[in-house]
Amino acid sequence: MVVALYGRALPDGQKAGLEACIEAFLRSGVEVILYEKLADSLKRLGGSWSGAVFGDQVPKFTGSNFFVTLGGDGTLLDSVVHLRDLGIPVLGINYGRLGYLTSALPEQMNGVVEQLIAGQFSVEQRSMLRLESDESLFGSCPFALNELAIHKNNLSSVIRIQVLVDGIYMNTYHADGLVVSSPTGSTGYNLSCGGPITMPNAQVFLVSAVAPHNLNVRPVVLPDSSVIQLNIESAGSGVLLSMDSRSVFAQKPGRIIVRRNSFDFPLIRLNGQNHLSTLRSKLMWGVDRRNERDPF
48 MVVALYGRAL PDGQKAGLEA CIEAFLRSGV EVILYEKLAD SLKRLGGSWS GAVFGDQVPK
108 FTGSNFFVTL GGDGTLLDSV VHLRDLGIPV LGINYGRLGY LTSALPEQMN GVVEQLIAGQ
168 FSVEQRSMLR LESDESLFGS CPFALNELAI HKNNLSSVIR IQVLVDGIYM NTYHADGLVV
228 SSPTGSTGYN LSCGGPITMP NAQVFLVSAV APHNLNVRPV VLPDSSVIQL NIESAGSGVL
288 LSMDSRSVFA QKPGRIIVRR NSFDFPLIRL NGQNHLSTLR SKLMWGVDRR NERDPF
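The numbering used here numbers the first residue of the sequence shown as 48 and each following residue consecutively.
1) Buried or exposed: where does residue 232 fall if 16 or more other Cβ atoms within 10 Å of its Cβ makes it buried?
2) Could you check what DSSP says for residue 260 in three-state terms: helix, strand or coil?
3) State buried or exposed for residue 53, treating a residue as buried only when at least 16 other CB atoms are found within 10 Å of its CB.
4) Under three-state DSSP, which class holds residue 185?
5) Within 8 Å, do at least three Cβ pairs link the region 300 to 309 to the region 272 to 289?
6) Say whether the region 157 to 168 touches the region 68 to 86, bearing in mind that this needs 3 or more beta-carbon pairs closer than 8 Å, one atom from each stretch.
7) List the DSSP bridge partners of residue 131.
8) Scan the region 168 to 248 and note each continuous beta strand (DSSP E) run of 3 residues or more that stays entirely inside, going in chain order.
9) Counting Cβ pairs closer than 8 Å, one from the region 315 to 331 and one from the region 183 to 192, do we hit at least three?
10) Could you tell me if residue 265 is buried or exposed, where buried requires 16 or more neighbouring beta carbons within 10 angstroms of its beta carbon?
11) Can you give the Cα-Cα distance for residue 206 and residue 252, rounded to whole angstroms?
12) What do you get for residue 175, buried or exposed, if any count of 16 or more other CB atoms within 10 angstroms of its CB means buried?
13) Cα separation between residue 235 and residue 169?
14) Residue range of the alpha helix (DSSP H) that residue 54 falls in?
15) If you reduce the DSSP assignment to three classes, tell me which class residue 313 lands in.
16) Starting from residue 72, trace the beta strand (DSSP E) in both directions and tell me its first and last residue.
17) Should residue 255 be labelled buried (16 or more other beta-carbon atoms within 10 Å of its own) or exposed?
18) So, do the region 217 to 231 and the region 243 to 250 have three or more beta carbon pairs nearer to each other than 8 Å?
19) Using a 10 Å radius around the Cβ and a threshold of 16 neighbouring Cβ atoms, would you call residue 120 buried or exposed?
20) Could you pull the start and end residues of the alpha helix (DSSP H) that residue 89 belongs to?
21) By how many angstroms is the C-alpha of residue 261 removed from the C-alpha of residue 135?
22) Round the Cβ separation of residue 197 and residue 224 to the nearest angstrom and send it over; I've been treating them as touching at under 8 Å.
23) If you draw a straight line from the C-alpha of residue 295 to the C-alpha of residue 111, how long is it?
24) So residue 280 is in the beta strand (DSSP E); what residue range does that whole segment cover?
25) Can you grab the Cα-Cα spacing for the pair residue 63 / residue 85, in whole Å?
26) Taking Cβ positions, are residue 218 and residue 226 nearer each other than 8 Å?
27) Could you give the DSSP three-state label for residue 95: helix, strand or coil?
28) Within its chain, find whatever has a CB closer than 7 Å to the CB of residue 118; leave out the 5 residues flanking it on each side and keep chain order.
29) For my contact list, residue 139 and residue 150 are in at a C-beta cut-off of 8 Å; report their separation, rounded to the angstrom.
Here it is, written out as structure tokens:
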């Protein structure tokens, strides 16, 4: 079994956690390929790594059985760009703060390794968004697991976004921005904009305005078979477009098309985990003394 370990630059206090994670895999006979920036961080903090590494340009992990991210949800979202359509299942170890997508904590690594080796997990195929535009805004990676967000580039004025669904006019938004989210991204920027939470296997798009200048504007749920056209106008200062954690500036974005991506994102869920329990934990649902003794 081969595992690729990915993470951003390692904070000073996490050297022991990374070494424990690596040791848990090696002790079980698993081959580890380490992201080069993690290896550099480990050396900087007095550790060492003499095994294989991979970088941003050369995907040496293509033969891996699993891709394991060490960090928060943002770190896991980074793996979308690395993996693209390779189909390698991804497991997130939560070194971050909230962690809707990550499955385990660092202190649970021994048990996590045992479950991976024993096949005690499922793989959820998470749908993604794909952006199409006249200008190559996101290069060879115009897709996102969470959302596409469009935001004004200054503080002075709102932007105007006309939305058509399958060629039919839906609405024109005067707002600070607009978010088109996948079911996975429903707990991200969409949630902050008052959008609904959906189950990850729901086949939908969520469209939510950012600070709309119309009191009657509400989030909209669309089938993900829809083709969403966004005609964007700004007051001459351009807009910022983000796909997950990647952002670009567009002076004249014009027309943008959003549709479901041609491939999904394979996310690992360890046995005993489910989306509803994650929501209850992360959103602190039921933190009420009346629920301590559940009558059901």
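Note that beta-carbon positions come from the ideal geometry of N, C-alpha and C, so glycine has one too.
In short, the structure shows the following:
1) Against the sequence shown, residue 232 aligns to sequence position 185. Its Cβ being crowded by 16 or more others within 10 Å, residue 232 is buried.
2) In the sequence shown, counting from the first residue as 1, residue 260 sits at position 213. Shown here, residue 260 sits in coil according to DSSP, grouped into three states, outside any helix or strand.
3) Taking the sequence shown and counting its residues from 1, the one referred to as residue 53 is at position 6. By the Cβ-count criterion, residue 53 is buried, with 16 or more other Cβ atoms from all chains shown falling within 10 Å of its own Cβ.
4) Taking the sequence shown and counting its residues from 1, the one referred to as residue 185 is at position 138. DSSP places residue 185 in coil when its eight states are reduced to three.
5) Contact holds: three or more Cβ-Cβ distances are below 8 Å.
6) Touching, per the Cβ criterion.
7) To locate residue 131, count along the sequence shown from 1; it is residue 84. For residue 131, which the question treats as bridged, DSSP gives no partner whatsoever.
8) 168 to 173, 176 to 180, 194 to 199, 206 to 212 and 215 to 228
9) In the pairwise beta carbon analysis, the region 315 to 331 is classified as not touching the region 183 to 192: fewer than three pairs are separated by under 8 Å.
10) In the sequence shown, counting from the first residue as 1, residue 265 sits at position 218. Classification for residue 265: exposed.
11) For the purposes of this step, residue 206 is taken as residue 159 along the sequence shown, with counting starting at 1. For the purposes of this step, residue 252 is taken as residue 205 along the sequence shown, with counting starting at 1. Cα to Cα, residue 206 sits roughly 21 Å from residue 252.
12) Counting from 1 along the sequence shown, the entry for residue 175 is found at position 128. Classification for residue 175: buried.
13) Locating residue 235 in the sequence shown gives position 188, where the first residue counts as 1. Locating residue 169 in the sequence shown gives position 122, where the first residue counts as 1. Roughly 23 Å separates the two Cα atoms.
14) Within the sequence shown, residue 54 is the residue found at index 7, counting from 1. Premise fails: residue 54 is in no alpha helix (DSSP H) and is neither H nor E.
15) Indexing the sequence shown from 1 puts residue 313 at position 266. Strand at residue 313.
16) In the sequence shown, counting from the first residue as 1, residue 72 sits at position 25. No beta strand (DSSP E) holds residue 72; the alpha helix (DSSP H) holding it covers 62 to 74.
17) Within the sequence shown, residue 255 is the residue found at index 208, counting from 1. That one is buried.
18) Cβ pair count under 8 Å is three or more, so yes.
19) For the purposes of this step, residue 120 is taken as the residue at position 73 of the sequence shown. Note on residue 120: 16 or more other CB atoms within 10 angstroms of its CB, so buried under the neighbour-count rule.
20) Locating residue 89 in the sequence shown gives position 42, counting from the first residue. Run containing residue 89: 83 to 91, per the alpha helix (DSSP H) assignment.
21) By one-based count along the sequence shown, residue 135 stands at place 88. By one-based count along the sequence shown, residue 261 stands at place 214. Cα to Cα, residue 135 sits roughly 44 Å from residue 261.
22) Locating residue 197 in the sequence shown gives position 150, where the first residue counts as 1. Locating residue 224 in the sequence shown gives position 177, where the first residue counts as 1. The pair is a contact, with the Cβ atoms about 5 Å apart (cut-off 8 Å).
23) Residue 295 sits at position 248 when you count from the first residue of the sequence shown. Residue 111 sits at position 64 when you count from the first residue of the sequence shown. Whole-angstrom Cα-Cα distance: 31 Å.
24) Residue numbering aside, residue 280 sits at position 233 when the sequence shown is read from its first letter. Start and end: 275 to 280.
25) Here residue 63 corresponds to residue number 16 of the sequence shown, with the count starting at 1. Here residue 85 corresponds to residue number 38 of the sequence shown, with the count starting at 1. In this structure, the straight-line span from the alpha carbon of residue 63 to that of residue 85 is close to 13 Å.
26) By one-based count along the sequence shown, residue 218 stands at place 171. By one-based count along the sequence shown, residue 226 stands at place 179. Against a cut-off of 8 Å, the Cβ pair of residue 226 and residue 218 comes out as no contact.
27) Sequence index remark: in the sequence shown, residue 95 carries index 48 (1-based). Three-state result, residue 95: coil.
28) Position 71 of the sequence shown, counted from the start, is the residue given in the question as residue 118. Closer than 7 Å at Cβ, skipping near neighbours: 54, 55, 142 and 143.
29) As a first step, residue 139 must be located in the sequence shown, where it is residue number 92. As a first step, residue 150 must be located in the sequence shown, where it is residue number 103. Going by Cβ atoms, the distance from residue 139 to residue 150 rounds to 6 Å, so yes, they are a contact pair.
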